[in-house]
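S.K.:
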Amino acid sequence: MAYYLRFMLLSAMAFSRKTCLATKNRLPSVSVVIPARNEAATLEECLTSVLKQTYAGEWEVILVDDHSVDETASIAETLASSYPQLRVCRMELQGETFAYKKAAITAGIGLAKGEIIVQTDADCMVNPGWLHQMATAFEEKTAFISGPIQLTHGKTLLEKIQSLESMGLVTLGAGSLLRGFPNMCNGANMAYRKSVFEEVEGFKGVDHVASGDDELLLQKIHALGKYNLDFMACREAIVKTPALDNWPDLKAQRLRWVSKIRAYYSKRVNYIQSVAYLAFLGIPILGLGAIWFPFLVWWMLGLIVAKVGGDIFVLSRAANFFQKKDLLRYILPMQPLYLAYVLWIGIAGSLVQAYPWKGRTVK
12 MAYYLRFMLL SAMAFSRKTC LATKNRLPSV SVVIPARNEA ATLEECLTSV LKQTYAGEWE
72 VILVDDHSVD ETASIAETLA SSYPQLRVCR MELQGETFAY KKAAITAGIG LAKGEIIVQT
132 DADCMVNPGW LHQMATAFEE KTAFISGPIQ LTHGKTLLEK IQSLESMGLV TLGAGSLLRG
192 FPNMCNGANM AYRKSVFEEV EGFKGVDHVA SGDDELLLQK IHALGKYNLD FMACREAIVK
252 TPALDNWPDL KAQRLRWVSK IRAYYSKRVN YIQSVAYLAF LGIPILGLGA IWFPFLVWWM
312 LGLIVAKVGG DIFVLSRAAN FFQKKDLLRY ILPMQPLYLA YVLWIGIAGS LVQAYPWKGR
372 TVK
């Protein structure tokens, strides 16, 4: 718990010190790549927000239809007839099937004309200044920019917990990156040089993993050891996406996320995750032990106080950035649920052999 707390506190402080990157006069050419599978319900709203960018440099949007079986492709093609910046690539015409989402991203980058690849998802909404903030943040030696994600939520506790968790993960991921130990980012909001993507040979070596188009690429680029990686700490760059409103979809999503940890390039990340898991696991173990050794209850209470204190420290800073301080009142009620969830996902993610994702069964 002491190591876990140190990681949380240092990451949160690094995040808090980060200011919005000053925009530069240089305007690199940009290609926004959006992979989409069965996103007919959200695609038009997403693309409309992306196509309203105020970026003054050269830019384009490439929507890659990943074998959708709904109206995703036709919706995108209809919009493309009105917006010259938008191009549509249909994966079923190319027969690409490996690595699922990574294949769609790779196809989009292959068509991209921009110097900078900016990536988001087809269920996201962006601000008009999003592209300007992400693109102009690149210095000469910058290879990768991670951007903030915010989960919008309804009235259910499940959605609010996801939103609160997401803010914390963004804070910890950004803080770790800023400290020189990148571990987390989100493919719904990140940017990187096309030349560097080609230098690391894209997703080669990790294309057998269905997930990880974000963190595994981040770790491959960091492993080169010669480029700068940064976080875009501007509210204008926040990308919003809805929290899931039901447990089956949330379970499938989290199992997909956890499935990539065995392919991490950085074993330091695995170490931190293991220590964090043990810190969580210590609470119920001490609780059970206290049945026979009553003094252990004080150790258990100490762990709980340390964990809750760490959560408050991290999430208060996250809530200030995302302007969602109203969610902080859920920190205490969510503790038992989140403890059970973390312990479950750690075991299930290690044992699962297959899970459903967008109409596919991923092994």
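Position in the sequence shown counted from 1, then plus 11, gives you our numbering.
By construction, the Cβ of each residue, glycine as well, lies at the ideal position given by its N, Cα and C atoms.
Quantities reported herein were computed from a predicted structural model and do not represent experimental measurements.
Once the 5 residues before and after Phe18 are set aside, which same chain residues still bring their CB inside 7 Å of it?
M.R.: Here residue 18 refers to the residue found at position 7 of the sequence shown. The answer, listed in chain order, is Ile283.
S.K.: With a Cβ-Cβ cutoff of 8 Å, do Ala146 and Ala185 count as a contact?
M.R.: The residue you call residue 146 lines up with position 135 of the sequence shown. The residue you call residue 185 lines up with position 174 of the sequence shown. Annotated as distal: Ala146 and Ala185, with beta-carbon spacing of 8 Å or more.
S.K.: Could you give the distance in angstroms between the alpha-carbon of Phe340 and the alpha-carbon of Leu314?
M.R.: Within the sequence shown, residue 340 is the residue found at index 329, counting from 1. Within the sequence shown, residue 314 is the residue found at index 303, counting from 1. The question names Phe, but residue 340 is Arg in the sequence shown. Spanning the two alpha carbons is a distance of roughly 21 Å.
S.K.: In terms of DSSP beta bridges, what is Cys100 paired with?
M.R.: Here residue 100 refers to the residue found at position 89 when the sequence shown is read from its first residue. For Cys100, which the question treats as bridged, DSSP gives the partners Val75.
S.K.: Expressed to the nearest angstrom, what Euclidean distance is found between the alpha-carbon atoms of Lys152 and Val316?
M.R.: Stepping through the sequence shown from its first residue, residue 152 is reached at position 141. Stepping through the sequence shown from its first residue, residue 316 is reached at position 305. If I take the Cα positions, the gap works out to 42 Å.
S.K.: Using DSSP with H/G/I as helix, E/B as strand and the rest coil, what is Lys251?
M.R.: One-based indexing of the sequence shown puts residue 251 at position 240. The answer is strand: DSSP assigns Lys251 an E or B state.
S.K.: Indicate the three-state DSSP secondary structure (helix, strand or coil) for Gln130 in the structure shown.
M.R.: Taking the sequence shown and counting its residues from 1, one reaches residue 130 at position 119. Gln130: strand per DSSP, three-state reduction.
S.K.: Would you mind stating whether Ile73 and Val43 have Cβ atoms separated by less than 8 Å?
M.R.: Working through the sequence shown from its first residue, we reach residue 73 at position 62. Working through the sequence shown from its first residue, we reach residue 43 at position 32. Their beta carbons are under 8 Å apart, which means Ile73 touches Val43 by this criterion.
S.K.: Taking DSSP as the reference, what is the three-state secondary structure of Pro46?
M.R.: One-based indexing of the sequence shown puts residue 46 at position 35. Strand, per DSSP.
S.K.: Which of the three DSSP states is assigned to Tyr288 in this structure?
M.R.: Numbered from 1 along the sequence shown, position 277 holds the residue referred to as residue 288. Helix.
S.K.: Please list the terminal residues of the continuous alpha helix (DSSP H) segment that includes Val5.
M.R.: What is shown of the chain runs 12 to 374, which leaves residue 5 out entirely.
S.K.: From the DSSP output, read off the bridge partner residues of Phe242.
M.R.: For the purposes of this step, residue 242 is taken as residue 231 along the sequence shown, with counting starting at 1. The partner list for Phe242 (beta bridge, DSSP) reads Ser157.
S.K.: With a cut-off of 8 Å on the beta carbons, I'd call Cys100 and Ala118 a contact; round off their distance for me.
M.R.: Locating residue 100 in the sequence shown gives position 89, where the first residue counts as 1. Locating residue 118 in the sequence shown gives position 107, where the first residue counts as 1. With a Cβ gap of about 6 Å, Cys100 and Ala118 count as contacting.
S.K.: Just to confirm my understanding: we take Val75, look at its own chain, exclude 5 residues before and 5 after, and list those with CB closer than 6 Å. What are they?
M.R.: Counted from its first residue, the sequence shown places residue 75 at position 64. These residues qualify, in order along the chain: Pro46, Cys100, Ala115, Ala118, Gly119.
S.K.: Quick one, are the C-beta atoms of Trp70 and Gly140 less than 8 Å apart?
M.R.: What you label residue 70 is simply residue 59 of the sequence shown in a count that begins at 1. What you label residue 140 is simply residue 129 of the sequence shown in a count that begins at 1. No.
S.K.: Less than 6 Å between C-beta atoms, sequence neighbours within five positions excluded: which residues of the same chain meet that for Tyr352?
M.R.: Looking up residue 352 in the sequence shown gives position 341. Counting only Cβ-Cβ distances below 6 Å, and skipping sequence neighbours, we find nothing.
S.K.: Should the stretch 292-306 be called in touch with the stretch 203-222, which here means at least 3 C-beta pairs below 8 Å?
M.R.: no
S.K.: At the level of alpha carbons, what is the spacing between Gly179 and Met243?
M.R.: Numbered from its first residue, the sequence shown carries residue 179 at position 168. Numbered from its first residue, the sequence shown carries residue 243 at position 232. When rounded, the distance between both Cα atoms is 16 Å.
S.K.: I'd like to check one pair, Lys251 with Gln144: are the Cβ atoms closer than 8 Å?
M.R.: Your numbering for residue 144 matches position 133 in the sequence shown. Your numbering for residue 251 matches position 240 in the sequence shown. Not closer than 8 Å, so no.
S.K.: Enumerate in chain order the residues of its own chain whose CB-to-CB distance from Asn194 is below 6 Å, with the five nearest sequence positions on each side excluded.
M.R.: Sequence index remark: in the sequence shown, residue 194 carries index 183 (1-based). Cβ within range, chain order: Ser187, Val280.
S.K.: Report yes or no: do three or more beta-carbon pairs, one from the stretch 163-176 and one from the stretch 328-339, lie closer than 8 Å?
M.R.: yes
S.K.: Keeping to the same chain, check which residues put their C-beta closer than 8 Å to that of Leu261; ignore five residues upstream and five downstream.
M.R.: For the purposes of this step, residue 261 is taken as the residue at position 250 of the sequence shown. The answer, listed in chain order, is Leu169, Gln173, Leu255.
S.K.: With Leu189 and Ala25 assumed to form a contact (beta carbons below 8 Å), what rounded beta-carbon distance in angstroms separates them?
M.R.: Walking along the sequence shown from the start, residue 189 turns up at place 178. Walking along the sequence shown from the start, residue 25 turns up at place 14. Yes, they are in contact, since the Cβ atoms of Leu189 and Ala25 sit about 4 Å apart, within 8 Å.
S.K.: Suppose you measure from the CA of Phe155 to the CA of Gly121; what does that come to, to the nearest Å?
M.R.: The residue given as residue 155 occupies position 144 in the sequence shown. The residue given as residue 121 occupies position 110 in the sequence shown. Rounded to the nearest angstrom, the two C-alpha atoms are 18 Å apart.
S.K.: Quick one: residues in its chain with C-beta nearer than 8 Å to the C-beta of Leu62, no 5 flanking neighbours on either side, listed in chain order?
M.R.: Position 51 of the sequence shown holds residue 62. So the qualifying residues of the chain are Val72, Leu90, Tyr94, Gln96, Leu97.
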